[in-house]
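Per this note's numbering: the sequence shown = residues 1073 to 1219. Below: one structure, written as structure tokens.
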Amino acid sequence: YHLSQPAGSKLLLWANNHSVAKFLSPDERSLGEWLRATLGAGYLALGVVLGQGSFAARDAAGHWAPAPLAAVRPGAYEAWLRTGPPTFWLGLTKLELTEDNAWLFQSQLLHDLGYADAHNHFMLHSLRGEFDAVLFIRDSTPAQFLP
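Written out as structure tokens, the structure reads:
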């Protein structure tokens, strides 16, 4: 549908980081990887990184409910990003390696959040390999659903 719209049209896809990543692994192709192959430079993979707080997830009964974020682990991307402003956008595609940002060029732990509270753990990720930019939100609150 989007490809049939006039030039310059925009579309925002809001999904979890696992879905929007431009690359995960040779064995697993994400929606983001498919979008990058289809849209080329017209696709921007935006990851969302949360510092602390909570998010909306389905509980054991299948109802949407607030779920607390697991505590940030030392050395995780969130630990590095929390040292900056409370909310910011960080472009990753044009970064040049320096002593101060070398951690962005290394795989680090990152919260893996899913639709269920049980999916709230840390896994090894490459921010620059998976996303073109990240939006960091230090203090997260759950999404509020409309009736």
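Glycine residues also receive a C-beta, built at the ideal position from the N, C-alpha and C atoms.
#### Entry: Span of the beta strand (DSSP E), counted from its first residue to its last, around residue 1136
On the sequence shown, position 64 is the one that residue 1136 refers to. Residues 1136–1140.
Short of 6 angstroms in beta carbon distance, which residues of its chain neighbour residue 1108, apart from the five on each side in sequence? Order them along the chain. Numbered from 1 along the sequence shown, position 36 holds the residue referred to as residue 1108. Result list for residue 1108: 1094 and 1115, in chain order.
Are the Cβ atoms of residue 1199 and residue 1149 separated by less than 8 angstroms? Residue mapping note: residue 1199 aligns to position 127 of the sequence shown, counting from 1. Residue mapping note: residue 1149 aligns to position 77 of the sequence shown, counting from 1. Note that the C-beta distance between residue 1199 and residue 1149 is below 8 angstroms.
Worksheet entry | N-terminal and C-terminal residue of the beta strand (DSSP E) that residue 1212 is part of | Translated into positions along the sequence shown, residue 1212 becomes position 140. Run containing residue 1212: 1205–1212, per the beta strand (DSSP E) assignment.
Problem - Coil, strand or helix - residue 1092 by DSSP - result: Taking the first residue of the sequence shown as 1, we reach residue 1092 at position 20. Looking at residue 1092 - three-state DSSP - the assignment turns out to be helix.
Exercise. Based on the DSSP output, what are the partners of residue 1121 in its beta bridges?
Worked result: Position 49 of the sequence shown, counted from the start, is the residue given in the question as residue 1121. BP columns for residue 1121 point to 1208.
Check: Whose C-alpha, out of 1218, 1133 and 1097, is nearest the C-alpha of residue 1201?
Finding: Taking the first residue of the sequence shown as 1, we reach residue 1201 at position 129. With distances taken between Cα atoms, residue 1201 lies closest to 1097.
Thinking C-beta only, is residue 1136 closer than 8 angstroms to residue 1145? As a first step, residue 1145 must be located in the sequence shown, where it is residue number 73. As a first step, residue 1136 must be located in the sequence shown, where it is residue number 64. Taking 8 angstroms as the Cβ cut-off, residue 1145 and residue 1136 do not qualify as a contacting pair.
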